Amino acid sequence: MYIVCRSNDEEYGNVITILHAEEGEQSPFLAVEDAKKQKRLWQQEESIKVRFIVDNQILTPLGLDKWARSEYDSLPKCGECYRLLHGEVYNNAMSDSALFCSIICAARHLDRQVEYQNDYEEFYF
Ligand SMILES: [Zn+2]
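Throughout, this note's numbering is defined as the position within the sequence shown, counted from one, plus 284.
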């Protein structure tokens, strides 16, 4: 998850930083939206130059969007509904390494795996 905060960087001056954290925004897209909004608000208060920093790198607004996409791709997702996984995760008897966001998704996935196996077996009989 991500926390977005204003700070004053020794090298870059006024910066909006996106930090990895235990709490805060759950999706990198929301963190980026929040960062852009905070920049607008900050520049309404003072006419100053504000930059974005993520993972110790200065990024342009376009760079932020790119970062959010690759960050999202790297995050673990539910094997059934593809939502981002947070907190408790579930598995089922046939899930191998897949994890699920809820007991419902784990059950749906199991049902589908069983149907798939039945379909496959029918092919040979
Ligand atoms: Zn799910």
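C-beta: ideal position from N, C-alpha, C; glycine also.
Bear in mind the structure is a predicted one, so any value in this text is a computation, not a measurement.
Secondary structure at residue i, three-state DSSP: helix, strand or coil?
{"i": "H304", "result": "strand"}
{"i": "V299", "result": "strand"}
{"i": "D380", "result": "coil"}
{"i": "C289", "result": "strand"}
{"i": "E294", "result": "coil"}
Give a yes or no on whether the C-beta atoms belonging to residue i and residue j are separated by under 8 angstroms.
{"i": "N376", "j": "L394", "result": "yes"}
{"i": "E306", "j": "Y286", "result": "no"}
{"i": "R367", "j": "C385", "result": "yes"}
{"i": "S379", "j": "A391", "result": "no"}
{"i": "R353", "j": "W326", "result": "no"}
Alpha carbon to alpha carbon, what distance is there between residue j and residue i?
{"i": "N298", "j": "R335", "result": "6 angstroms"}
{"i": "K323", "j": "Y404", "result": "55 angstroms"}
{"i": "Y356", "j": "S311", "result": "7 angstroms"}
{"i": "D318", "j": "G371", "result": "22 angstroms"}
{"i": "H304", "j": "E406", "result": "49 angstroms"}
{"i": "T301", "j": "E399", "result": "48 angstroms"}
{"i": "D349", "j": "V338", "result": "11 angstroms"}
{"i": "E295", "j": "L343", "result": "14 angstroms"}
{"i": "A315", "j": "K321", "result": "10 angstroms"}
{"i": "G410", "j": "I332", "result": "Any answer about residue 410 is impossible in this case: the structure gives the chain only from 285 up to 409."}
{"i": "N402", "j": "K361", "result": "27 angstroms"}
Exercise. Which parts of the segment 327 to 375 are runs of the alpha helix (DSSP H), unbroken and 4 residues or longer, counting only runs that do not cross its ends?
Worked result: 345 to 358
Problem set entry | Residues surrounding ligand 1 [beta-carbon distance to nearest heavy atom under 7 angstroms] | C362, E364, C365, R367, F384, C385, S386, C389
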